[in-house]
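Protein chains in written order, with our numbering: chain U, 324 to 703; chain W, 41 to 364; chain Z, 205 to 453; chain B, 35 to 338.
Take a look at the structure below.
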Amino acid sequence: MQRLLTTASLLVALAVPAYAEGTRIGVITTLSGPAGYLGEQIRDGLTLGLEASGAAFELVVEDDGRDPNTGVQVADRMLNEEGIKLLTGIVFSNVSGAVVPEALDAGAIYVSPNAAPSPLAGEKCHPNYFVVSWQNDSLHEASGAAAKKLGYTTAVALAPNYQAGKDAIEGFKREFGGEVTEIYTGVEQSDFAGEMAQIRDKAPQVVFQFHPGGQGIAFLKQYQQAGLLGTVPMVLSEPSYDAVILKAVGPAAVGVTGTTHWNADFDNEASKAMVAAWAAAHPDVPLTTYGQQAYDTGLLIGSALVKAGGDGDVAALQAAIKAAEFASTRGSFAFGPNQHPVQDWYMTAIEADEAGNPKVVTKEKIREAVGDVYAANCKM
Amino acid sequence: MKRDNLVLLAVLILLALVPFAAEFTGQSSWTKLVGQALIYGMAAASLNFILGYGGMVSFGHAAFFGIGGYVVGILYHHFDAGTAFLGIIPGTDQMLVTLPAAVLVAGLAAALVGALSLRTGGVQFIMITLAFAQMFFFLFISLKTYGGEDGIMVRRTNALPGLNMKDKATLYWVVLAFAAAYYLFLRRLVRSSFGQIIAGIRQNERRMAAMGISTLRYKLYAFILSGMGAGLAGALMVNFLRFASPDMMHWTRSGELMVMVILGGVGTLAGPFIGAGALFTLETTLARYTEHWMLPVGILLLVVVLTSKGGLMALIAKLKGGAK
Amino acid sequence: MSPVLDIAGLVKTFGGLTATDHVSLTVDTGEIHALIGPNGAGKSTLINQICGEIIPNAGQIHLAGRDVTRLPPAGRVALGLGRTFQITSLLDDMTVRENLGLAIQAREGGNFRIFDRAAKRNEVWDEADSVLAGSALSARAGVKVADLAHGEKKQLELLMALSQRPRVLLLDEPMAGLGHVESQQMIEALNAARGECAMLLVEHDMEAVFALADRISVLVYGRIIAAGTAEEIRANPAVREAYLGEEDA
Amino acid sequence: MILLFEQLLNGLQYGVTLFLLAAGLTLIFGIMGVINLAHGALYMVGAFAASWVAIQTGSFWGGLVAGLVASGLIGLVVETAVIRRLYARDHLDQVLATFALILIFNQTTVLIFGRQPLFTTLPEIFSGSVEIIPGLPYPTYRLFVIAVGLAVALGLYFLINKTRIGMLVRAGATNRQMVRALGVNIQGLYTAVFALGALLAGLAGVMASPIVSVQVGMGDEIILATFVVVVIGGVGSVKGAFVAGIVLGLFDTMLRAFLPATLQQVMPGPEAQALGVGISSMGIYLMMALVLLVRPRGLFAARG
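Structure below.
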């Protein structure tokens, strides 16, 4: 019931713009369906980040339903009807693949808080297209590096049988260097008992798995239930152990190693401010890296809006975003030649807090200032 | 008959004016909205031919929509990269080539699915068509070369000689021309000798067999024609959105097409277009006001189906009857 | 003269039940051959095998000299087999004229044409109109089939079957459910059609059978127990015992 | 060998889950002639109610009861408010109406529970593993799920074959008119069957909740496999649902487990993996297509 009320008030808050004078920013994101919580994180992270930046803004949020058609429709209205010059928010690559070209052709700027499909990172890069999150490959390279650093030489790597899953395993293998058994899972699979049996049969030194969202929750639960948690160590990339997943699996995640570009215990001012602001605004909802990426996106956009004085001069705004002069929650942040981030990657451990629930603790920096493999193909 | 044609002409003129009206009122996204609705209307109308006129309830029609779309996407991909499909077929961005290719490939796929499915009927037919669509869905998700589940970008709309396809209004009119042509084709089709046989099969397959009609062949032919129509719609959609992805053939998309047909009016010519327009407008409009748009959409659909028979077309007929 | 329909040793079993047990019979050109028998004797199963809806386990069916035992229903129609159904089977959403027109169109061919106008095929509609004009349904051409009386439906079915110009027509209980007047009309119509094609008449109405049939075969428990002219059948003691006796009771 | 045995158990467990869902669906289908796309939503209702109560009370068993009660009650409400009006309609209207129900259920769940998946955990006594054969520790909870599934199958067998209600249900699945002619309160029978189906779907949801992610839309994913089971088994046949459920569960699990590795022996590595998984995903649909080609009405079609 309480949830019902908060949602209702949220709706009202959305309908009544809080900063009617500010620059209008279009947020197209996924709020319906099982992945709806990702869009929720992005929307709320953006709001807090922009507020922290001190820029005058107004968010125009709309659900894409994870459907490219809807996304394009929304984008068209925002760009051509409402005269919005700055878009952001998309969670999934399939939506951004349809929407980003639409925005770029209209002369607008798109800043991605999450999705970063590889074609747009390489040959099809564009001056008005920025990614604040990360490119898929570098994400999983970090896990490979972590597994290597921990001294493992044999691994079983599991991911769903779609492009991002294959990229994940490729990325892991690239940095790991050891012997890897690849297992692909079904795209909508939710029971991994068969895979657990195979892992036990292979008896590797380490397991790497990439299953975001609900699949990740099911996988971790079943890993524990199969008695593998204490037996075979696991390394994960950040989408497979975000705070929402950890909350849903509870103790079943304790003991797992993660790799990430940001963690809640980071010791910098921006991160601390964000964690505090989030806790105040959304006490019931854990802050995930999606929220953090969106917060950084908010800070970046905000800093550029302040510098360029709004979106009246798109070229100036583009230059201000490209300069990336903001204090990122991840400490250091810079754009590479393809306007994707060049950043550090960290190894984290999932430990138990006093109540036995999982808590992510940052251990060490494993990769420094890395961009992505597609940057070389980008000629801007 | 004359009056029908007048109404049709009037509707066409109104639709042709949409880009101007959109510009004039500042609601420029209408062009895209109506364009997408028209394309969905074509896909739904193609489904309606087998579903409404032929009595074959296919729950996998989005597969042909998606396949048609992917033909455009894949040909463009090879055109862009300067490579050839399977090393033989060169890519192209010419609409005069891509659309017929899409129609052809979708027709072939429909021939395959139809030949295997049409032996069954009722619920079994519903499920087996769904099953084939799922297979295509999983196939395209695992096609790495063509973007897998992320889909495939078509950076530029296919070229049509003499037209500036970058211009939104031009593209819209091209779509409208296709939609109108397809509508006229369907009108012709349901009134043709073949259309009559198909209508007969829907009402009484046994009787038609006793008249010497090998019903399976006719149903297969209808299924293929319908699949080709969906392929054409899919190819236009990819040109319109400049993007193809496996979403196009997800089973919920098949469900959506069915919803459009039923909402508009099963077995009517204009119904699917009206249903597509209504559903699409409803979704987009509601999504502007609430993130929870699915709830009102669901309730509305439920109310429509529980309180009316024959969808919006029946409602229109009722209103017209009342006005007389 | 060879028979237009020649059935030899037809066997069909369902599980343990033998529905037709080595049934043989012939229908000669121009003949009306009646098939009678109590309920459950296997008459419908036999009809459905002749039509091709059921494939027999053994035996042959020859139609106009061709072996059609494994031919699908539509193929048999093309060779000149027509039928009516026990429970009338028509296109309910269409009018009487449209039903008849479609039957004629089906015979005429060109059914894969997708760009013509079915309503403008004059040869089809002229024939339909002339057939209707000479029938008991002349005043009902524009009525939807769903709104017809039972007897009218039976009449329409016969017209549609005849419009196929079959060599042999299977009539599955054409009198079923008809009143006395309607039955007389039907008998008249069948008599009038006698010259057009041979008929295999499955019927319970003995009055009609004796009025129409040149020959009668009696089917009981899947077997033909007697065959002959009306007089022979009337006189046959086995038939009287197995069948007519029951009917009288 | 141990691996094979373990995979067989996994297949069996997936199979009974499918059976729990399919049993209700096939009866609703067979007796009332209603295609209920929203059956998966009741699975979701069971899982959410059970998880939520388990979180509040800390008791899995409390959650179990809550899940059953909630799904059964909501089944009753849905039958009375919507499904009842669909009996006389054609399949198309049913598909549209129950499609609408899915939208309504999913979004209402978001409104009540939010978008984030719920936390669930195993009941204390089933949190460990047992070594069934040496070298194979198997989670006791999964054995419990198998046992519950088999028990329900047994119970349904008795209900359908040994009771008066069961007789009516069987009659209804074969010949709807006949039951009406018997002068039975057919509406009451329909409602009872629907509620029972909802209850079983809810039970499947409760059983799955500690294993999978309890999230909005979880029912949409499994409903397709359930329909495949119903169609392969033959509409209206609980026996068919049981056989097809188990066979499909085993088949699906075996394909996933062994096909990629088998392909790898004849093809180069990663492609074989991807192809193997691709084929496995299509496996149940392929099987349905094959079964229907041979038996167009499924294995144990109740209606002739």
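Each residue gets a CB set at the ideal place from its N, CA and C atoms; glycine is no exception.
| field | Contact belief for V250(B) with R149(B) at Cβ below 8 Å, rounded distance in angstroms | value | In the fourth sequence, residue 250(B) corresponds to position 216, counting from 1. In the fourth sequence, residue 149(B) corresponds to position 115, counting from 1. That belief holds up - the Cβ atoms of V250(B) and R149(B) are roughly 7 Å apart, short of 8 Å.
| Taking Cβ positions, are Y669(U) and T611(U) nearer each other than 8 Å? | Residue numbering aside, residue 669(U) sits at position 346 when the first sequence is read from its first letter. Residue numbering aside, residue 611(U) sits at position 288 when the first sequence is read from its first letter. Going by C-beta atoms, Y669(U) is not nearer than 8 Å to T611(U).
| query | Does the beta-carbon of R653(U) have 16 or more other beta-carbons within 10 angstroms, so that it is buried, or is it exposed? | reply | Stepping through the first sequence from its first residue, residue 653(U) is reached at position 330. By the neighbour-count definition (other C-beta atoms within 10 Å, threshold 16), R653(U) is a buried residue.
| said: Can you tell me whether V684(U) is helix, strand or coil according to DSSP? | reply: The residue you call residue 684(U) lines up with position 361 of the first sequence. DSSP places V684(U) in strand when its eight states are reduced to three.
| field | Cβ neighbours of H101(W) in the same chain (closer than 6 Å, five flanking residues each side left out) | value | For the purposes of this step, residue 101(W) is taken as the residue at position 61 of the second sequence. Same-chain partners within the cutoff: L87, A270, S294 and L297.
| request: Output, in sequence order along the chain, the residues in the region 396-407 of chain U whose CB is closer than 8 Å to any CB in chain W. | output: Against chain W - using a Cβ distance shorter than 8 Å - the residues of the region 396-407 of chain U are Q396, V397, D399, R400, N403 and E404.
| field | Distance, W333(W) Cα to K349(W) Cα | value | Here residue 349(W) refers to the residue found at position 309 when the second sequence is read from its first residue. Here residue 333(W) refers to the residue found at position 293 when the second sequence is read from its first residue. So the two alpha carbons sit approximately 25 Å from each other.
| field | Bridge-paired residues (DSSP) for V227(Z) | value | Position 23 of the third sequence holds residue 227(Z). L214(Z), per the DSSP bridge assignment.
| request: Could you please tell me which residues of the region 215-249 of chain W, in chain order, have their CB closer than 9 Å to any CB of chain Z? | output: F225, R228, L229, R231, S232, S233, F234, G235, Q236, I237, A239, G240, R242, Q243, N244, R246, R247, M248 and A249
| task | Return no unless some Cβ of chain W is closer than 8 Å to the Cβ of S248(Z). | result | Stepping through the third sequence from its first residue, residue 248(Z) is reached at position 44. For S248(Z), the answer is no, since every Cβ of chain W falls outside 8 Å of its Cβ.
| task | Please check the pair V530(U) and V577(U), which I expect to be a contact at CB under 8 Å, by giving their CB distance rounded to whole angstroms. | result | If you number the first sequence from 1, residue 530(U) lands on position 207. If you number the first sequence from 1, residue 577(U) lands on position 254. That belief does not hold up - the Cβ atoms of V530(U) and V577(U) are roughly 15 Å apart, past 8 Å.
| request: Check the Cβ-Cβ distances between Q641(U) and every residue of chain W, and say whether any is below 8 Å. | output: Taking the first residue of the first sequence as position 1, residue 641(U) is located at position 318. Cβ-Cβ to chain W under 8 Å: no for Q641(U).
| field | CA-to-CA distance, E331(W) to L333(U), given in whole angstroms | value | As a working note, residue 333(U) is residue 10 in the first sequence. As a working note, residue 331(W) is residue 291 in the second sequence. Model confidence at L333(U) stands at a pLDDT of 46, short of 50, so the residue's coordinates are unreliable; what they give is reported in the following sentence. Straight-line Cα distance between these residues: approximately 10 Å.
| Helix or strand or just coil, what does DSSP make of Q641(U)? | Locating residue 641(U) in the first sequence gives position 318, counting from the first residue. Helix.
| message | According to DSSP, simplified to helix, strand and coil, what is E502(U)? | response | The residue labelled residue 502(U) in the question sits at position 179 within the first sequence. If DSSP states are grouped into helix, strand and coil, E502(U) belongs with the strands.
| said: With DSSP as the reference, identify every bridge partner of W668(U), one or two as the case may be. | reply: Numbered from its first residue, the first sequence carries residue 668(U) at position 345. DSSP output for W668(U) lists R690(U) as bridge partner(s).
| Taking Cβ to Cβ, would you say Q641(U) is nearer than 8 Å to N451(U)? | As a working mapping, residue 641(U) is identified with position 318 in the first sequence. As a working mapping, residue 451(U) is identified with position 128 in the first sequence. Contact: yes.
| If we count the other Cβ atoms within 10 Å of its Cβ and call it buried at 16 or more, is V777(U) buried or exposed? | Summary: the structure shown does not reach residue 777(U), with chain U confined to residues 324 through 703, and so no result is reported for it.
| said: By alpha-carbon positions, which one of S243(B), W86(B), M66(B) and Q299(B) ends up nearest to A226(B)? | reply: Sequence index remark: in the fourth sequence, residue 226(B) carries index 192 (1-based). It is M66(B) whose Cα lies nearest to the Cα of A226(B).
| task | Check whether the region 486-504 of chain U touches the region 279-287 of chain B, counting contact only when three or more Cβ pairs, one atom from each stretch, lie closer than 8 Å. | result | no
| request: Identify, in the order they occur along the chain, each residue of the same chain with its Cβ nearer than 7 Å to the Cβ of L382(U), setting aside the five sequence neighbours on each side. | output: Within the first sequence, the letter at position 59 stands for residue 382(U). Excluding positions up to five away in sequence, the list reads I348, V350, L369 and T370.
| message | Check this for me: beta carbons of I240(Z) and V413(Z), under 8 Å apart or not? | response | On the third sequence, residue 240(Z) is found 36 positions in, with the first residue counted as 1. On the third sequence, residue 413(Z) is found 209 positions in, with the first residue counted as 1. At a Cβ-Cβ threshold of 8 Å, I240(Z) and V413(Z) count as neighbours.
| request: Take G108(W) as the anchor and find which of M268(W), H118(W) and F176(W) has the nearest alpha-carbon. | output: On the second sequence, residue 108(W) is found 68 positions in, with the first residue counted as 1. Taking only the C-alpha atoms, the option nearest G108(W) is M268(W).
| Near-chain U residues of the region 147-159 of chain W (beta-carbon distance less than 9 Å), N- to C-terminal order | none
| request: Leaving aside the five residues before and after G307(Z) along the sequence, list all residues of the same chain whose C-beta is less than 6 Å from its C-beta, in chain order. | output: Looking up residue 307(Z) in the third sequence gives position 103. Here residue 307(Z) is Ala; the residue named in the question, Gly, does not match the sequence. Excluding sequence neighbours, A307(Z) sits near M364 and S367.
| task | Under 9 Å between beta-carbons, which chain U residues line up against Q174(W)? List them in chain order, please. | result | On the second sequence, residue 174(W) is found 134 positions in, with the first residue counted as 1. Within chain U, no residue comes near Q174(W); the closest Cβ sits about 10 Å away, beyond 9 Å.
| request: Pull up the DSSP beta-bridge partners for R419(Z), would you. | output: Within the third sequence, residue 419(Z) is the residue found at index 215, counting from 1. Looking at the DSSP assignment, R419(Z) forms a beta bridge with H237(Z).
| In chain order, what residues of the same chain have a beta carbon less than 6 Å from the beta carbon of G412(U), not counting five sequence neighbours either side? | As a first step, residue 412(U) is located in the first sequence; it is residue number 89 there, counting from the start. Once the five neighbours on either side are set aside, the close Cβ partners of G412(U) are V350, I351, T352 and I365.
| request: Give a yes or no on whether the minimum CB-CB distance between S93(B) and chain W is below 8 Å. | output: Within the fourth sequence, the letter at position 59 stands for residue 93(B). No, its Cβ sits nowhere closer than 8 Å to a Cβ of chain W.
| task | Kindly indicate if chain W contains any beta-carbon less than 8 Å away from that of Y319(B). | result | To locate residue 319(B), count along the fourth sequence from 1; it is residue 285. True, the Cβ-Cβ gap to chain W drops below 8 Å.
| field | Helix, strand or coil at A124(W) [DSSP, three-state] | value | Taking the second sequence and counting its residues from 1, the one referred to as residue 124(W) is at position 84. Here A124(W) sits in strand by DSSP.
| request: Could you check if L55(B) is buried or exposed, using at least 16 other CB atoms within 10 Å of its CB as the buried criterion? | output: Translated into the one-based positions of the fourth sequence, residue 55(B) becomes position 21. So L55(B) counts as buried.
| task | Name the residue from G206(B), I180(B) and I194(B) whose alpha carbon lies nearest to the alpha carbon of F63(B). | result | Counting from 1 along the fourth sequence, the entry for residue 63(B) is found at position 29. Of the candidates G206(B), I180(B) and I194(B), the one whose C-alpha sits nearest the C-alpha of F63(B) is G206(B).
| query | List, in order along the chain, the chain U residues whose C-beta lies closer than 7 Å to that of M193(W)? | reply | Taking the first residue of the second sequence as 1, we reach residue 193(W) at position 153. Within chain U, the residues near M193(W) are G420, P424 and P442.
| query | Alpha carbon to alpha carbon, what distance is there between I318(B) and Q307(B)? | reply | Counting from one through the fourth sequence, the residue named residue 307(B) turns up at place 273. Counting from one through the fourth sequence, the residue named residue 318(B) turns up at place 284. Q307(B) and I318(B): Cα-Cα distance of roughly 18 Å.
| query | Would T91(B) be called buried (16 or more neighbouring beta carbons within 10 Å of its own) or exposed? | reply | As a first step, residue 91(B) is located in the fourth sequence; it is residue number 57 there, counting from the start. Looking at its Cβ environment, which holds fewer than 16 other Cβ atoms inside 10 Å, T91(B) is exposed.
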